[in-house]
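Numbering (this note's numbering), first residue to last: 179 to 814. Cβ coordinates follow ideal geometry from the N, Cα and C atoms, glycine included. Working notes, structure below.
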Ligand SMILES: [Cu+2]
């Protein structure tokens, strides 16, 4: 049974590509950038869910390598035809895994690269890795304007299975035309420094146990078991656990998507969110040296969290009774590719939920449990682990763990700026950088029409009825238009944002709401005129609020690859549309201000950040009073 929000199957991806090939002459010289479900408009969902309406559509973006022209098609899978075909002049679709690999293969067999490596004493090309990055338009050399250009780092493994990201061949940067897959330029600026083979023999950049010079510590076994089975059910993509219900989606760009999140409250299934996902990630490296000045990654808009999703391993990535779901993406020829065990669903103990010790009644305590839905992505050197957690008290926590290997380069490279980074090994520094993640939160608190309120705390002034000025007041200001919806965090006033349904009241007579509790947020600290900021103006605010529009999905524009400016949120919100008592979408910017540490080397202990959505007057009281005490059952 297919639900209208279920991701495209492998068969549907293959058919969507075939229809485009058949009807538009898309041939061998083309690439498919993306093939995904065209999600039905909100208004059509009930009819599609009931079966009164039958329709499956896909959105396909492809381009012709011969002239670089890109197109976006809407394909009716049920109608076996193309229903829309839009040329995208001047736009570069997302990067593809195939380009990354083909570029690496081309460079390693290119005489100019071989020669540059030989000058550094490197002749074993099997230990060389080139890592291709996308450009911002402002930094692409003028002579290549309009072409699809990648620039590369070159890395070298100390041994066959050694960590390539421990030895940066600083100063060596191939620039490649990705459509013709030709080397345009080989920037070689090593300044005659020591060859990589011999440079920094004292560098310890390995993390595999057999390559480590340390003995592994002893740890006691820890097992998590649920002998009577798990507490959730998964019916297709519909996930139910205790009072929570949601639907799991997935696409090439956002990776995991949570649809139709609702809480069963007595006899009512109450909507909380229509759709939750990550819509963009911006990672500017804050080092102007020749090795790093181009390094601003858009890991979602350029590479795609779905494309970068990796398979999970039981007992390592996830502990306990685990249910996995596969995901399907595709290659640039339009062939589906299944990612086994892409999404993990499991329950976790989460310490104490609530407790009180009464003189007479004694101790009453409940253990908290949470339902976790997660996926992991690897974007070349870096890992992002994403966890959506649902709690028994109605709370939703979104946690991101950043791990993997930092980008580094040599301190003795010409133009090197170790002042913009931290020395992490002998002669090696890791530049400072920031990971801005934009969560797209389409909340529907007890229905679609919501208003966002900024809440702030203020101390009372001394007055006749409060001479000691003890009072604390909270102001709650409705955000009426998009201009007011651009919000910055304020530690001093403990600013937060309540998403309220003014049309529904709780048992206490106040409107129901959910509060976005900001954390892991930080200022851009970037000159607004800088090209990096111009492409990602979303990072200029902590929160943006827009009225829901089906086609407004990508905060830095549909195609951030080689983008000049941000055609997403800043452009949409120019109209200053009303956002009061309507279907609102919140765009929350959070992440990691990564001031690199020696302890992050050679592989980074996970850096953990999160934010919360918590019910605020959504319920009349603690909704977790009905959680039973822990059982003390003995099995013989
Ligand atoms: Cu980082």
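**Request:** Give the straight-line distance between the Cα atoms of residue 815 and residue 226, rounded to the nearest whole angstrom.
**Result:** Any answer about residue 815 is impossible in this case: the structure gives the chain only from 179 up to 814.
**Request:** Look at the alpha carbon of residue 745 and the alpha carbon of residue 738, and state the distance between them as a whole number of angstroms.
**Result:** 9 angstroms
**Message:** Are the CB atoms of residue 222 and residue 215 within a distance shorter than 8 angstroms?
**Reply:** no
**Message:** Below 7 angstroms, is the gap between the Cβ of residue 486 and the nearest heavy atom of ligand 1?
**Reply:** no
**Prompt:** From residue 800 to residue 571, what does the alpha carbon distance come to, in whole angstroms?
**Reply:** 7 angstroms
**Asked** Where are the beta strand (DSSP E) runs, 3 residues long or more, that stay fully inside the region 194 to 254, in chain order?
**Response** 208 to 215, 235 to 242, 248 to 254
**Prompt:** residue 505: which of 747, 806, 690, 483 sits nearest, CA to CA?
**Reply:** 483
**Request:** Let me know the alpha helix (DSSP H) ranges lying completely inside the region 400 to 432, each 4 residues or longer, listed in chain order.
**Result:** none
**Prompt:** Is DSSP giving residue 154 helix, strand or coil here?
**Reply:** As displayed, the chain neither begins before 179 nor continues past 814, which places residue 154 out of reach and without an answer.
**Message:** Once DSSP output is grouped into helix, strand and coil, what is the label at residue 718?
**Reply:** helix
**Message:** Quick check on the burial criterion: 16 or more other C-beta atoms within 10 angstroms. Buried or exposed for residue 655?
**Reply:** exposed
**Item:** Pairwise C-alpha distance: residue 721 and residue 766
**Value:** 5 angstroms
**Asked** How close, in whole Å, do the beta carbons of residue 726 and residue 791 come, if the pair is a contact with beta carbons under 8 angstroms?
**Response** No, residue 726 and residue 791 are not in contact; Cβ-Cβ is about 17 angstroms, not under 8 angstroms.
**Prompt:** CB residue 436 to CB residue 428, shorter than 8 angstroms?
**Reply:** no
**Asked** How about residue 331 and residue 309: do their beta carbons lie closer than 8 angstroms?
**Response** yes
**Item:** Continuous beta strand (DSSP E) stretch holding residue 797: start and end
**Value:** From DSSP, residue 797 is part of no beta strand (DSSP E); its letter is neither H nor E.
**Same chain, Cβ closer than 7 angstroms to residue 809, neighbours up to 5 away in sequence not counted** = none
**Asked** Nearest to residue 363 by CA position, among 388, 321, 397, 346, is which residue?
**Response** 321
**C-alpha distance - residue 293 paired with residue 590, whole-angstrom precision** = 22 angstroms
**Item:** Nearest to residue 651 (by Cα), restricted to the options 426, 662, 639
**Value:** 639
**Message:** For residue 414, count the other beta carbons within 10 Å of its own beta carbon; 16 or more makes it buried, fewer makes it exposed. Which is it?
**Reply:** exposed
**Request:** Verify whether the separation of the beta carbon atoms of residue 213 and residue 188 is less than 8 angstroms.
**Result:** no
**Item:** As assigned by DSSP and simplified to three states, the class of residue 802
**Value:** coil
**Collapsed DSSP secondary structure at residue 508 in the structure displayed** = strand
**Prompt:** Based on Cα-Cα distance, which residue from 582, 523, 341 lies nearest to residue 152?
**Reply:** It is not possible to answer for residue 152, since the shown part of the chain is limited to 179 through 814.
**Asked** Which partner residues of residue 679 appear in the DSSP bridge assignment?
**Response** 690
**Asked** Taking the alpha-carbon positions, what's the residue 814 to residue 404 distance?
**Response** Residue placement at residue 814 is flagged as unreliable, the pLDDT there being 47, under the threshold of 50; the coordinate-derived value follows with that caveat. Using only the alpha carbons, I get a separation of about 16 angstroms.
**Request:** Report yes or no: do the region 390 to 397 and the region 415 to 427 share at least 3 C-beta pairs separated by less than 8 angstroms?
**Result:** no
**Prompt:** When you compare each of 749, 277, 497 to residue 527 by their alpha carbons, which one comes out closest?
**Reply:** 497
**Prompt:** Cβ-heavy atom distance between residue 580 and ligand 1 below 7 angstroms?
**Reply:** yes
**Reduced DSSP category for residue 814 - H, G, I as helix; E, B as strand; rest coil** = The predicted model places residue 814 with a pLDDT of 47, which falls under 50 and marks its position as unreliable; any figure quoted below should be read in that light. In the structure shown, residue 814 sits in coil (DSSP, three-state: anything other than H, G, I, E or B).
**Prompt:** Bridge partners of residue 310, per DSSP?
**Reply:** 330
**Prompt:** In the structure shown, what three-state DSSP assignment does residue 560 receive?
**Reply:** strand
**Item:** N- and C-terminal bounds of the alpha helix (DSSP H) containing residue 711
**Value:** 709 to 712
**Asked** How about residue 723 and residue 634: do their beta carbons lie closer than 8 angstroms?
**Response** no
**Item:** Through-space distance from residue 267 to residue 182, alpha-carbon basis
**Value:** 31 angstroms
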